[in-house]
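Remarks on the structure that follows.
Residue numbers (the working numbering): 13 to 304.
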């Protein structure tokens with residue numbers, strides 16, 4: 013039974029946002045967790061089925077549903093962004109481009125990128141930390157000037173502090189676009205009429221986009237429960253629950269994140285543009301940051 017669960021879960025993980033928590037029950041059913049088998053699913057072997065495994069997964073499901081319900085209840089009274097708050101997050105492209113040119117480095121091609129990475133002028137943005145995740149990037153590369161890493165840590169810390177004050181889990185922000193070479197920017201324009209014409213702030217390693225319609229589940233620390241494979245699936249169920257409720261209440265979470273960004277912008281650390289054609293906050297560092 014476990015091999016069936018693991019295989020089916022891994023196949024579906026890439027589209028986790030479009031699933032429902034109830035689909036976990038269907039997953040268990042297809043793999044022998046109940047008397048029913050999903051249409052089109054082959055009859056699974058239950059030779060390795062364990063009542064302890066099923067009990068653990070059902071407990072994980074019940075816990076995930078309860079957690080999601082709690083998060084949704086806590087987010088329900090959170091107000092949405094007001095027009096005035098949105099207006100405060102509308103810095104001009106010209107202002108961001110001026111800061112990008114002053115604080116970043118232009119990357120004209122792949123050869124230049126390699127040299128800048130070797131020199132330490134640009135650093136790779138980690139794929140996953142306690143504060144953010146980098147989603148699959150199209151037409152951009154995960155490299156930034158070091159100050160951007162510091163900025164992301166501050167955004168993530170303040171965002172999670174704000175969530176904690178509301179009794180919410182430490183959701184992580186999602187980075188959706190980072191460094192683009194001119195070639196990458198040109199390729200983006202071919203498929204996206206809303207892409208910036210001329211030079212983009214994304215060409216300097218100072219700028220990134222973070223989503224406001226989706227938020228990643230908290231990072232999971234600590235040793236796995238035994239057996240480790242079952243623990244992995246149980247954690248996946250919890251991740252699914254948290255990310256699904258975040259998608260449903262994304263406008264409330266957008267407001268929480270927007271408040272953090274307004275504060276950091278007022279502090280002179282970042283310039284922010286709330287985009288509408290793409291559901292992202294477009295950010296450029298506003299000054300050099302203390303990395304201590």
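Idealized CB from N, CA, C, for every residue including glycine. Just so it is clear, the structure is predicted and the values come from calculations on it, not from any experiment.
Output the boundary residues of the alpha helix (DSSP H) element that contains residue i.
i	result
residue 240	240 to 260
residue 162	158 to 177
residue 117	Note, residue 117: premise wrong, no alpha helix (DSSP H); not H, not E.
residue 152	Note, residue 152: premise wrong, no alpha helix (DSSP H); not H, not E.
residue 130	122 to 131
I need the DSSP call for residue i, collapsed to helix, strand or coil.
i	result
residue 214	helix
residue 184	strand
residue 220	strand
residue 226	coil
residue 296	strand
residue 102	strand
residue 54	Because the pLDDT of residue 54 is 43, which lies under 50, any placement of that residue in the model is unreliable, and the question is left without a value.
residue 266	helix
residue 75	helix
residue 90	coil
residue 189	strand
residue 136	strand
residue 303	coil
residue 81	helix
residue 291	coil
residue 279	coil
Over what stretch of residues does the beta strand (DSSP E) that includes residue i continue unbroken?
i	result
residue 232	It is not in any beta strand (DSSP E) - residue 232 carries neither H nor E in the DSSP assignment.
residue 285	282 to 286
residue 144	144 to 146
Taking the alpha-carbon of residue i as reference, which of the options has the nearest alpha-carbon?
i	options	result
residue 118	156, 138 and 151	156
residue 77	116, 295 and 256	256
residue 64	243, 121, 217 and 147	243
residue 327	132, 241, 136 and 217	No answer is possible for residue 327: it lies beyond the span of the chain, which begins at 13 and ends at 304.
residue 85	287, 279 and 265	265
residue 298	79, 267, 96 and 111	111
residue 150	89, 97 and 220	220
residue 96	173, 122, 274 and 216	274
residue 174	268, 134, 128 and 252	268
residue 154	251, 135, 296 and 124	135
residue 300	67, 239, 158 and 172	158
residue 277	217, 98, 87 and 92	98
residue 270	67, 80 and 92	92
residue 184	230, 90 and 279	230
residue 160	245, 217, 87 and 90	217
residue 279	163, 194 and 123	163
residue 81	250, 287 and 295	250
residue 214	88, 295, 129 and 126	295
Applying the criterion that 16 or more other CB atoms from any shown protein chain within 10 Å of the CB defines a buried residue, is residue i buried or exposed?
i	result
residue 272	buried
residue 232	exposed
residue 94	exposed
residue 248	buried
residue 108	buried
residue 212	buried
residue 116	buried
residue 132	exposed
residue 192	buried
residue 253	buried
residue 303	exposed
residue 152	buried
residue 139	exposed
residue 228	buried
residue 67	exposed
residue 172	buried
**Asked** Taking one C-beta from the stretch 274 to 289 and one from the stretch 102 to 113 each time, how about it: are there three or more such pairs within less than 8 Å?
**Response** yes
**Request:** State whether the stretch 66 to 74 contacts the stretch 165 to 184, with contact taken as three or more CB pairs (one from each stretch) at a distance under 8 Å.
**Result:** The stretch 165 to 184 and the stretch 66 to 74 do not touch, with fewer than three beta-carbon pairs separated by less than 8 Å.
**Asked** Does the stretch 182 to 194 come close enough to the stretch 136 to 150 that 3 or more CB-CB pairs lie under 8 Å?
**Response** Short answer: they touch.
**Prompt:** When the Cβ atoms of the stretch 287 to 294 are set against those of the stretch 218 to 226, are three or more pairs found closer than 8 Å?
**Reply:** Between the stretch 287 to 294 and the stretch 218 to 226, the count of C-beta pairs closer than 8 Å reaches three or more; the two stretches touch.
**Request:** State whether the stretch 248 to 264 contacts the stretch 154 to 171, with contact taken as three or more CB pairs (one from each stretch) at a distance under 8 Å.
**Result:** no
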